[in-house]
Amino acid sequence: MDTKPLEKFCPWARNKLIEAVHTNCVLNGLDDAGRATAGVGAEAIGEHVLSPNERQQRDNLFKRIEEVGYEAFLEQEAYTWFNRFMGIRYMELHGYLPSGIRMLSGTDGSFNPACLQAPGELDLPGLDRDQAIDLAIAGERQELFRLILIAQCDQLADALPSVFDHVDDDALLLPHNLLDKDENSVLYHLVADIPEETWHDVEVMGWMYQFYNSELKRAYFDSKRKAAVEDIPPATQLFTPDWIVRYMVDNSLGRLWMLNFPESRLAERAQAADPADRLMEYYIAPDEEHEDVIRISGPEDITFCDPACGSGHILVYAFRLLFAMYQERGYREREIPSLILEKNLSGMEIDPRAAQIAELALAMCAREHDRRFFTRGVRADVRVLESVEIDADGLASESPLRERSELLEGLAHLSEIGSLLAPGEDDIAALESELAENANDTIFASHTSARVERALGMCRTLARRFDVVVANPPYMGGSSFNPFMSKWMKKHYPDSCKDLCTAFIERIFSMLEPDGYAGITGTNSWMFLSSFESLRNAIIDRHGIATLVQLSVHGFKGIAAQVCTGVFTEGHTDGAKGAYIRLNDFDHHSLQKPKTLEAIQNPDCGYFYRADATTFHDIPGSPIAYWASEAMHDAFLNKPLLGTIANPKQGIKTGDNARFLRMWFEVKQDNCSIWNGTKWFPCNKGGDFRLWYGNNDYLLNWEKDGFEIKHFTDEKGRLRSRPQNLSYFFKKGLTYTNISSGRFGVRYCSDIFTFDAAGSMIFLENENGLPNLLAFLCSSVATSFFNLLSPGLSFEVGDIALIPYERLLPDPVNQIAEQCIQLSKQDWDSQETSWDFKCSPLV
């Protein structure tokens, strides 16, 4: 699919719709100035006298604006009409509109709506035909189109109420001049600028949602503020590539099916001649020693959930795979869609916009196979998780809810934490008791009871367990959390609170039935970082990894992030070997899909691995190092670790580098210790990748033994600097760059240096062993160990201490290492950026 037209159209359409809604608000006295002048019950706006219907519409809209705020209201109205226009356009091109007539275009594809040709013959139950004919005769095409469009939305409202609903109050704000063909016409550009072939797959709706929010997302990240409630959906929304969706669903839902029905021919659909008919392309059959599996008698037994469903991409593919399962068991085509939506699929989402699209997309999948689906009264189970505030002070003193402050707090912030809230049976019992106790209290029923009932519905949804849970959960690091979110995450997800997506990994296991499957895409930080060691241990010891793909840094188009996608088992099976695919060497988003398929079809490709997850415990910190060889495991188990022999140390943090650090050539020589000065001293500060020697660029203000840095405080007297490991200053050692996109760059350092956190150092009690250690750390063997322990961009002192190290043969190795140091020093000093530069080697 070519998404470029969508990328251009959607944010533009958002701005135009907001502008159009605002214009109508001004005309109806609903903007901030208008509401201040004419309140609820106003009979006229300026010289325009409102009809009784207009007055009622305005009053209702007035109250909504006062409740949510004007800017939020404009956003709501704009996306509501955007989703309606998008849905109608998709349905007219696929022939799904009940009337059978195109609403936005002509039969030739032009922006000349076919519905205007014979309005009196349209099959729209809510259309006033007499009024339509009168408008047609009078040539009032704009008003006629508005009348027909509203009637079409009303007809679809019964089948798709979350998207269309009955257009009542909103009609007052429906943009005018919808048939214009100019630079401001949203409908014209919707038809003219987006090719019809782009609408072939229902996934187009998800792409449109992502691009619609693109400016909101950019504005949030540019602001660098903590995430407010309204920021979380656009900031965390990322449309999952189709191949990743298929991989997760094939190896969770598909795996459940194949292990229950080994005679199934579903996996053969991977070879279908038509790519559109292919299913299970990414399925990896388990080894003979595989996990225990939930037993099902047929497709109606399966429950599947996406707890952060966004626009429904994962649910849509799950629908297609389930449809094939029902077909294989002999169900009739037209009865399958309703069964899938009623028995199999569930979604949860904090953004009502995304939930609307998810429900719409699933309805389109159903309508594809059942012409009468819109008349069956079946809706997709997509639950919007909205905050519910229950005032504990308003409850009776004996109310069981009074003791459940954590539950009430979570419900009040449900629009932020979403399906991370995990209510227990006692929580649900307390809500049920509260509702039953006050069932006959009319005063209570008018207010608190309704909220308790809503909360109970949310909690019942959140407490469900499923056979399969698949998600691409939101990505947001802890540094972006607002104060509530930060505190709540640390309390409820202490092992995974550094990122939303890792917290979802932990949460999803609690949403599974015993022996269920979880498909999860997220950052790969949980695989390696020490802060997630407890989470890794839980996955390894109590659960299992069925399969995992580690993407390259640029595996997602448009972003640079280290991402993995995998399928996990709720239960643990000793000896089970998971299937792993390592795509690190194929660093472009266009290579991820074909290389994954290649590995599945040819396990001998060189980047497909089988590993028993329990062996990851052989390596300190239990990183998910599935590619480690037996020799590497043996080294970790039987060789001494570097930390038992050497002392890796992190250097000073000045608190203000611009104040305390200088390039050496910025300082007068008589102030620099290199030339016997007493203020500025050489400082290791990392730098570009370089081995053996070099990167001697910086000086540190260490006058009077660092008095100024040691006493550098803020206005409240708190120390801003971090003067640590000072006893290691001015000692021989090895220094390295702790941030690097490539190999570990380590260099020899004489005893004239200080060092900071970016240029941390490694020390030995016997300094004569430094060349030997340097030779090892510059070797490809050490690089392989670093790739296991710290495959990201940073090399922490804790990781370095865990490298297996046995001193190499001293005489030849030391001699070669000292030669390498000298050659590297000569190279460094041949540049004018070295303070030991004499002359160019070319002279």
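Numbering (the numbering used here), first residue to last: 528 to 1370. Note that the Cβ used here is the ideal one computed from N, Cα and C, for glycine as well. Given the structure is predicted, the values throughout are model-derived calculations rather than measurements.
A direct Cα-Cα distance of roughly 6 Å separates residue 1214 from residue 1264.
Non-local beta-carbon contacts of residue 771 in its own chain, meaning distances under 6 Å to residues more than five positions away in sequence, involve 1048, 1092 in chain order. For residue 1175, the secondary structure class from DSSP, reduced to helix, strand or coil, is strand. Of the other Cβ atoms in all chains shown, fewer than 16 fall within 10 Å of the Cβ of residue 724; this residue is therefore exposed.
In this structure, the alpha-carbon of residue 1266 lies about 9 Å from that of residue 1323. For residue 1355, there is no enclosing beta strand (DSSP E); the enclosing alpha helix (DSSP H) has its first and last residue at 1337-1356.
Taking all protein chains shown into account, residue 1364 has fewer than 16 neighbouring C-beta atoms within 10 Å of its C-beta and is therefore exposed. The alpha carbon of residue 696 has as its nearest neighbour, out of 552, 752, 1025, the alpha carbon of 552. The Cβ neighbour count for residue 762, taken over all protein chains shown within 10 Å, is at least 16; the residue is labelled buried.
By DSSP's assignment, residue 767 forms no beta bridge with any residue. In the DSSP assignment, the residues bridged to residue 1209 are 1226. Under the DSSP assignment, residue 865 falls in the alpha helix (DSSP H) whose first and last residues are 863-866.
Classified as exposed, residue 1185 has fewer than 16 neighbouring CB atoms from the shown chains inside 10 Å of its CB. Below 8 Å, enough C-beta pairs join the region 1139-1159 and the region 1095-1109 to call them touching: three or more.
With contact defined as three or more Cβ pairs closer than 8 Å, the region 993-1003 and the region 958-965 are not in contact.
Residue 798 sits in a helix when the DSSP states are folded into three classes.
By DSSP's assignment, residue 1180 forms a beta bridge with 1249.
Between residue 1177 and residue 1284, the CB-CB gap stays under 7 Å. As for any alpha helix (DSSP H) of minimum length 4 sitting wholly inside the region 954-1017, the runs are 969-972, 975-990, ordered along the chain. For residue 875, the enclosing beta strand (DSSP E) starts and ends at 872-876.
Around residue 693, the same chain offers 681, 684 as residues with beta carbons nearer than 7 Å, after the five sequence neighbours per side are excluded.
With fewer than 16 other CB atoms across the displayed protein chains lying within 10 angstroms of its CB, residue 921 is exposed. In this chain, residue 1239 is not harboured by any beta strand (DSSP E), its DSSP state being neither H nor E. For the pair residue 1236 and residue 1206, the Cα-to-Cα distance works out to about 12 Å.
Contact between residue 1274 and residue 1189 does not hold, since their C-beta atoms are separated by about 20 Å, which reaches or exceeds 8 Å. Per the C-alpha coordinates, the member of 866, 872, 839 positioned closest to residue 880 is 839. Beta-bridge annotation (DSSP): residue 1048 is paired with 1092.
The beta carbons of residue 729 and residue 576 sit no closer together than 7 Å. Going by beta carbons, residue 958 and residue 912 fall outside the 7 Å limit.
Residue environment for residue 589: buried (at least 16 other C-beta atoms within 10 angstroms of its C-beta). DSSP, read as helix, strand or coil, puts residue 927 in helix. DSSP, reduced to helix, strand and coil, places residue 549 within a helical segment of the structure shown. About 5 Å separates the Cβ atoms of residue 1042 and residue 821, confirming a contact at the 8 Å cut-off.
Sequence-distant Cβ neighbours of residue 1340 in its own chain, meaning closer than 7 Å and more than five residues away, are 1299, 1302. Sixteen is the threshold: when 16 or more other Cβ atoms of the shown chains lie within 10 Å of the Cβ of residue 837, as they do, the residue is buried. Distance between residue 1335 and residue 874, taken at the CA atoms: about 58 Å.
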